[in-house]
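S.K.:
There are 2 protein chains.
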Amino acid sequence: MMPQIDNPLGFLLNPKSVAVVGASNGVGKVGYSVMNNIVQSGYSGRVFPINPKSPEVFGFPAFKSVVDVPEDVELVVVCVPARFVVGTMKQCAEKKVRGVVIITAGFKEVSEEGAELEKQIQAIAKEANIRVVGPNCLGVITPFLNASFASRHPKRGHIAMVSQSGAMMTAVLDWAATCNVGFSNFVSIGNKADVDEVDLIDLLADDPETNIILLYLESVEDGEKFLKVVSKATSKKPVIILKSGTSNAGAAAAASHTGALAGSDTSFTLAFERSGVIRATTMNDLFDMARIFDQAVVPKGENFAIITNAGGPGIVATDAFENNGLGLTHFTPSIEKELIANLPAEAATHNPVDIIGDAPPARYKTALEIAFKDDIDVCAGALVLVTPQSQTEPAEVARMLVDVQEKYPERMIVGCFMGGISMTEPAEILAGTTVPMYQFPEPAINSIKYACAYNKIKAAVPLHEQVMPTISYDKEAVTAVFDSVKAEDRKILLAYETAAIFTALGVDCPGTKLAKSPKEAGEKAAEIGFPVVMKIVSPEIMHKSDCGGVVLFVKSAEQAEGVYTQIMEACAERGPKGANLVGVEIQEMVDFKAKAKNSEIILGINKDAQWGHMVMFGQGGIYANYTEDVSFQLAHKYTAELARAQLKQTKINTILEGVRGEPRSDIDSVVDVMTRLAQLVNDFPEITELDMNPLLVFAEGEGYSAVDVKITIE
Amino acid sequence: MMPQIDNPLGFLLNPKSVAVVGASNGVGKVGYSVMNNIVQSGYSGRVFPINPKSPEVFGFPAFKSVVDVPEDVELVVVCVPARFVVGTMKQCAEKKVRGVVIITAGFKEVSEEGAELEKQIQAIAKEANIRVVGPNCLGVITPFLNASFASRHPKRGHIAMVSQSGAMMTAVLDWAATCNVGFSNFVSIGNKADVDEVDLIDLLADDPETNIILLYLESVEDGEKFLKVVSKATSKKPVIILKSGTSNAGAAAAASHTGALAGSDTSFTLAFERSGVIRATTMNDLFDMARIFDQAVVPKGENFAIITNAGGPGIVATDAFENNGLGLTHFTPSIEKELIANLPAEAATHNPVDIIGDAPPARYKTALEIAFKDDIDVCAGALVLVTPQSQTEPAEVARMLVDVQEKYPERMIVGCFMGGISMTEPAEILAGTTVPMYQFPEPAINSIKYACAYNKIKAAVPLHEQVMPTISYDKEAVTAVFDSVKAEDRKILLAYETAAIFTALGVDCPGTKLAKSPKEAGEKAAEIGFPVVMKIVSPEIMHKSDCGGVVLFVKSAEQAEGVYTQIMEACAERGPKGANLVGVEIQEMVDFKAKAKNSEIILGINKDAQWGHMVMFGQGGIYANYTEDVSFQLAHKYTAELARAQLKQTKINTILEGVRGEPRSDIDSVVDVMTRLAQLVNDFPEITELDMNPLLVFAEGEGYSAVDVKITIE
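Line by line, the protein sequences give chains A and B. Going by this note's numbering, the first residue of the first sequence is number 54, and it counts up by one from there. Going by this note's numbering, the first residue of the second sequence is number 54, and it counts up by one from there.
1. Can you give me, in chain order, the residues of the region 487 to 505 of chain B that have a beta carbon less than 8 Å from any beta carbon in chain A?
2. With residue 503 of chain B as the anchor, note down where its beta strand (DSSP E) starts and where it stops.
3. Name the one or two DSSP bridge partners that residue 231 of chain B has.
4. Is the CB of residue 416 of chain B under 7 Å away from at least one CB in chain A?
5. Per the DSSP calculation, residue 491 of chain A is bridged to which residue(s)?
6. Could you tell me the distance, in whole angstroms, from the CA atom of residue 422 of chain B to the CA atom of residue 160 of chain A?
7. Roughly how many angstroms separate the alpha carbons of residue 669 of chain A and residue 756 of chain A, rounded to a whole number?
8. Residue 426 of chain A touches chain B at which residues, Cβ-Cβ below 7 Å?
9. Under the three-state reduction of DSSP, which class applies to residue 113 of chain A: helix, strand or coil?
10. Quick one: which unbroken alpha helix (DSSP H) runs of 4-plus residues sit fully inside the region 123 to 158 of chain B? Chain order, please.
11. Judging by CA-CA distance, which residue of A/190, A/196 and A/210 is the nearest neighbour of residue 202 of chain A?
12. Just to make sure I have the definition right: I need the residues of chain A whose C-beta is within less than 8 Å of the C-beta of residue 432 of chain B. Which are they?
13. Measure the C-alpha to C-alpha separation of residue 64 of chain B and residue 194 of chain B and round it to an integer number of angstroms.
14. If you pair each beta-carbon of the region 581 to 590 of chain B with each one of the region 615 to 632 of chain B, do three or more pairs fall below 8 Å?
15. Using the beta-carbon of each residue, which ones in chain A are nearer than 7 Å to residue 776 of chain B?
16. Spell out whether any CB of chain A is found under 7 Å from the CB atom of residue 537 of chain B.
17. Which residues, taken in chain order from the region 394 to 411 of chain A, show a beta carbon closer than 8 Å to some beta carbon of chain C?
18. Any beta-carbon of chain B closer than 7 Å to the one on residue 99 of chain A?
19. Is residue 747 of chain A close to chain B? Criterion is C-beta to C-beta, closer than 7 Å.
20. Check whether the Cβ atoms of residue 147 of chain B and residue 186 of chain B lie closer than 7 Å to each other.
21. I need the boundaries of the beta strand (DSSP E) containing residue 280 of chain B, first residue and last residue.
22. For residue 745 of chain B, does the three-state DSSP call read helix, strand or coil?
23. Quick one: Cα of residue 746 of chain A to Cα of residue 208 of chain A, how far?
24. Any beta-carbon of chain B closer than 7 Å to the one on residue 14 of chain A?
25. Establish whether the CB of residue 465 of chain B and some CB of chain A are separated by less than 7 Å.
26. Around the Cβ of residue 287 of chain A, are there at least 16 other Cβ atoms within 10 angstroms (buried) or fewer (exposed)?
27. Within 10 angstroms of the Cβ of residue 666 of chain B, are there 16 or more other Cβ atoms? Answer buried if so, exposed if not.
28. Within 10 angstroms of the Cβ of residue 482 of chain B, are there 16 or more other Cβ atoms? Answer buried if so, exposed if not.
29. For the region 699 to 717 of chain B, which residues have a CB atom closer than 7 Å to at least one CB atom of chain A, in sequence order?
30. Do the CB positions of residue 243 of chain A and residue 188 of chain A come within less than 7 Å of each other?
31. Tell me whether the beta-carbon of residue 215 of chain B lies closer than 7 Å to the beta-carbon of residue 268 of chain B.
32. If we ignore side chains and look at the alpha-carbon of each, how far apart do residue 66 of chain A and residue 140 of chain A end up?
33. Look at the alpha carbon of residue 687 of chain B and the alpha carbon of residue 323 of chain B, and state the distance between them as a whole number of angstroms.
34. I'd like to confirm the pairing. Which residues does DSSP put opposite residue 652 of chain B in its beta bridges?
35. Residue 204 of chain A and residue 365 of chain B - do their beta-carbons sit closer together than 7 Å?
36. Just to confirm my understanding: we take residue 553 of chain B, look at its own chain, exclude 5 residues before and 5 after, and list those with CB closer than 6 Å. What are they?
Here it is in structure tokens:
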């Protein structure tokens with residue numbers, strides 16, 4: 054028996070008792086498969102088949118209903134048709150069971166009625182405090198209990214797999230049977246009526262049997278919960294997610310599949326990154342990574358040696374190391390000398406170390422042991438390439454790798470045995486060791502990259518422990534503006550309103566005031582200081598210039614009074630019929646041509662349905678949509694550091710940093726604005742869009758000017 | 054016996070006789086392996102072992118030397134140590150053999166002396182008209198003869214593999230032994246002292262046994278020959294190349310490996326594209342593609358159906374189709390109705406067609422046959438996804454696919470059997486059929502993409518048949534300028550020289566004349582028309598403004614005279630000591646602010662050591678190096694069409710096309726300049742660099758102005 058896991062779902066991995074509703078002696082029925090799997094898995098708890106027609110199932114006395122079971126029932130597995138499931142749930146509630154795994158399909162994934170049934174199930178579960186896995190799932194497999202209808206049992210190991218698709222789970226089980234990979238848990242989550250991926254990640258992070266968590270997901274149920282919880286798991290063990298529905302067509306297919314509303318792919322990437330999740334891009338990728346995290350020694354550096362018995366694969370591997378951003382060991386001269394002294398004259402002792410085609414296992418050993426004399430930060434490990442040449446003894450090389458690994462337990466050793474038929478024996482030898490084996494160099498190196506990336510995840514402060522520094526500003530003033538906009542039932546703020554918000558937020562923008570009469574125009578223009586720009590204020594007028602609603606370079610109070618009348622008249626005549634002409638805004642004119650440097654950037658916020666607000670930074674100006682030089686980050690726990698990282702992802706950043714002898718731009722002030730915007734949308738979730746384009750950035754110390762800003766609220 | 058192949062290297066695939074220099078009865082020796090392979094391969098020609106110490110080898114009478122063989126010898130395989138190879142070559146020359154395969158290593162790949170030996174071999178071969186494969190290679194395997202020291206014989210099939218790395222070849226042979234893939238030829242080309250990849254591509258294109266040619270290359274020996282010859286092969290059959298040494302470190306490793314000088318990767322991509330070669334990016338990629346080209350029906354369209362028994366993999370596949378730029382079939386309404394009528398209610402009949410988890414083989418058949426009722430351009434074929442669920446019979450599904458394929462021979466059917474242990478039987482069933490099988494959706498779809506891409510290659514006019522339209526211009530004038538520059542032993546042209554060249558070439562640039570006295574300055578300025586710009590002309594002065602060498606807005610002849618003196622004095626004082634002040638150039642001032650639209654682009658030419666001149670197009674201006682919005686194309690057989698395609702690869706193109714109500718830019722004239730530049734460098738290969746930045750492009754019909762141009766020659 055395993056120790057009790059301190060997690061709300063801990064009981065799921067090893068319940069004291071299991072009832073199977075729909076248990077059957079009839080081969081081919083789901084209720085048969087489930088019973089058979091429970092028995093075959095050597096489950097040591099109490100088993101209660103529920104079947105109104107049979108007195109016994111699989112030799113266990115059967116009961117007509119869950120409520121008839123004379124003992125406590127901790128977990129119930131449901132295999133009866135969809136129309137009976139609500140009834141079963143009511144019985145489970147009456148019996149006070151802790152959890153229900155609903156294998157049955159036919160709910161929200163097929164129809165409106167199904168969705169309705171699923172809602173009833175959710176309501177009963179909530180009321181009775183029952184945790185529900187499924188419906189529409191394959192079940193749950195743990196080291197102690199196989200409560201699924203899968204036809205294969207995984208070999209025991211330390212990989213947990215959670216899948217939104219039952220079929221993906223069967224495919225993985227089938228694949229695992231051929232490749233010496235062991236699993237701790239398999240959970241198929243189906244429609245996620247209650248238990249979702251976050252609950253399971255949290256559970257499996259607490260499971261001592263699990264070292265690595267793989268997920269196949271089509272959607273994430275609750276972005277906020279994900280961001281709150283998942284980093285707790287990723288700071289303990291690697292969590293790797295293959296998220297499908299990344300394309301438009303794929304998202305549509307996913308929506309019809311489990312009724313999932315897929316979020317935008319960029320935001321998923323960001324959310325996974327921030328939570329410390331490693332994202333797999335293909336199925337191969339997922340399994341390649343599983344292998345390295347399951348087996349390999351954690352690398353203590355990012356520079357590796359390549360030991361090869363052939364030049365060609367060495368070059369392929371060298372390309373892959375560089376293309377994956379990993380380093381190749383530059384051997385210390387004394388070490389390279391030792392390699393030269395101990396290897397044949399034809400060998401290449403520079404990295405990649407080519408020990409040439411006739412290399413026996415001992416020569417691999419020599420090369421590896423000399424390489425590992427170098428410091429671990431110079432040589433964190435080795436990729437050992439083996440091609441089947443006439444003198445090669447792949448099985449002996451594999452055994453040698455295990456020996457060397459034992460002697461150098463801190464160095465990561467990854468084997469790449471290229472070929473097929475000669476490489477099955479090495480595969481068996483290396484299974485279960487700390488030396489993972491690959492068939493080709495590229496997937497091996499891709500996986501090494503992720504192993505190194507996970508080190509960074511472990512070293513970083515996890516998201517759930519991060520604190521967003523509070524920026525204080527005049528929140529009341531902002532609230533007041535939003536209130537007045539909402540009172541008028543508008544969604545888009547007028548320029549003087551955005552100006553008021555930015556002023557309150559501590560973001561510089563040209564002084565802007567609203568005038569409602571010629572006299573007021575003259576007064577307010579004088580307050581701002583000349584010259585000023587004057588623009589019509591009207592929610593109905595989008596293109597102000599087109600109807601004579603903008604006048605630049607107004608130079609005196611007297612002129613301002615005249616321009617007021619001119620604008621109001623022009624807009625009344627040329628604007629949309631019945632447009633509400635609120636007045637004229639008076640704006641400070643920024644003389645940006647006088648600045649030492651002047652770059653146009655774009656800052657923005659938009660709101661993702663799943664992951665909340667995202668901060669955008671990029672190259673601005675009228676062509677911003679065409680240059681597409683932008684980067685995004687979630688506003689959740691946003692910091693100046695994240696802002697700076699966003700800048701570095703763009704090409705405009707190089708220009709802001711100062712090229713061709715130009716001064717550096719005022720990057721600090723841009724970062725300041727970005728953090729203030731994030732603070733604003735964290736405080737005011739009703740903001741759906743915010744757009745500053747262009748934000749003119751001047752030379753260091755000279756600030757910026759937000760000349761054109763739009764804010765939209767819900 | 055195969056028919057004689059009409060190719061200079063035809064004899065290599067089935068020589069009438071083979072002598073093995075270094076043939077041996079000693080197990081473990083290379084000369085033993087080669088003899089053994091020749092015998093095992095059932096070679097039907099004459100075999101002559103050459104061994105001065107044994108009277109017979111493998112039962113064949115042995116000879117002391119090639120010259121001692123009493124009959125004609127067509128091919129000689131050499132396995133003796135490097136120091137004996139030159140002697141052997143001399144004997145081969147005396148014997149007048151046609152070809153020599155030198156397996157022996159120890160030439161240019163190891164040392165200067167080796168390189169010297171290799172040069173001697175080349176000289177003898179050239180003199181005696183002997184074709185040489187190798188040295189430093191594994192040998193040659195054909196359907197009729199295994200003249201290699203590889204330890205495995207490939208299954209007979211129709212894939213030819215050419216490898217610059219012998220070990221890569223052994224790995225592929227080993228891999229092939231496990232996965233039901235057959236090969237026609239295997240050629241290891243080693244150091245390519247004579248026979249290179251282009252010779253072999255040309256030979257294999259003529260080989261009736263070969264349907265597809267795979268290559269592993271670290272370098273290309275002769276770019277010009279490649280561009281001239283390879284498209285002949287690619288218009289006959291697919292040629293797929295994995296080119297390593299793509300990274301900086303990889304290129305360095307390749308250089309130390311076979312002494313290959315790797316060219317820039319971009320130019321390789323372009324050269325492969327232009328020649329109709331498909332480029333594999335990883336080893337997996339190479340083999341995945343080999344499978345589809347070897348087996349599958351050529352797709353007659355680019356829209357495919359997905360038939361799946363599980364939603365999850367269907368979504369993964371949908372993503373992959375979209376991400377690979379392929380189309381998914383939108384079924385004709387009548388077809389979709391038929392799918393609905395014939396599939397269970399829970400099935401998804403939209404593409405992907407999810408025939409759900411309990412699908413027996415017959416349901417796959419139903420879905421496929423209905424899908425194939427749609428027109429072939431709507432549904433060119435199907436990806437069939439099989440996950441191992443309880444009712445699934447993978448082997449039966451595989452057999453059914455073969456049946457359906459027979460009935461619909463024009464539709465491409467690709468199987469994706471997800472899993473491991475349950476999928477070995479289907480793999481055996483589908484081997485050798487026209488239904489290739491993959492384990493995961495992504496590589497299957499990636500391969501389908503290449504199958505579709507090859508259709509476009511076949512449909513296009515192959516490079517060797519393309520004719521570059523001749524643009525006539527005043528070539529003599531250009532020659533005269535270059536001659537005078539060369540006479541002065543300069544490499545960088547002065548502005549009035551580039552202006553003369555562009556004028557001769559028919560490219561507009563601001564009128565520029567050289568003045569060597571104040572008086573001449575006044576006269577030439579008047580000829581050009583005012584205002585003019587005046588700039589110092591001096592090969593030693595790079596930054597003209599910095600030493601007072603530039604004056605703008607010169608408005609009269611009188612002023613021009615004064616400015617001449619002013620510039621000459623300023624540069625004499627502030628320029629580099631001893632700078633040669635040739636004179637002052639007088640340039641027309643372009644009033645580009647008066648133009649309706651004005652975009653800065655960059656055009657350039659640079660010369661790749663391997664592939665010759667490349668034309669560059671991109672976003673110009675002072676930040677061109679930072680925006681990196683550029684595209685390249687080989688100048689070889691350059692056309693306006695290629696120029697337009699180059700434009701479309703950049704972001705600036707959208708802006709040139711006209712956005713935000715702006716007029717379209719004068720794209721035609723940009724294309725005209727690009728073709729003229731290509732013509733120029735084709736005629737004057739001594740040009741190493743040409744840079745126009747910015748080229749100001751105005752609105753359609755208003756042309757452009759090449760305000761700043763640099764030309765460098767060898």
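Each residue gets a CB set at the ideal place from its N, CA and C atoms; glycine is no exception. Owing to the predicted nature of the structure, the values given are computational and were not obtained by experimental measurement.
M.R.: In short:
1. 492, 493, 494, 495 and 496
2. Residue 503 of chain B -> not in any beta strand (DSSP E); alpha helix (DSSP H) instead, spanning 494 to 512.
3. BP columns for residue 231 of chain B are empty, so no partner.
4. no
5. A/469
6. 30 Å
7. 19 Å
8. Within chain B, no residue comes near residue 426 of chain A; the closest Cβ sits about 22 Å away, beyond 7 Å.
9. strand
10. 135 to 148
11. A/190
12. Per Cβ cutoff of 8 Å: no residues; residue 432 of chain B is ~15 Å from chain A at best.
13. 13 Å
14. yes
15. The shown model of chain B, from 54 to 767, leaves out residue 776 of chain B, and the question about it has no answer.
16. no
17. This model lacks chain C altogether, as its protein chains are A and B.
18. no
19. no
20. no
21. Segment 276 to 287 is the alpha helix (DSSP H) holding residue 280 of chain B; no beta strand (DSSP E) there.
22. strand
23. 57 Å
24. An answer regarding residue 14 of chain A cannot be provided, because it is not within the stretch 54 to 767 covered by chain A.
25. no
26. buried
27. buried
28. buried
29. 704, 707, 708, 712 and 713
30. yes
31. yes
32. 25 Å
33. 7 Å
34. B/750
35. no
36. 534
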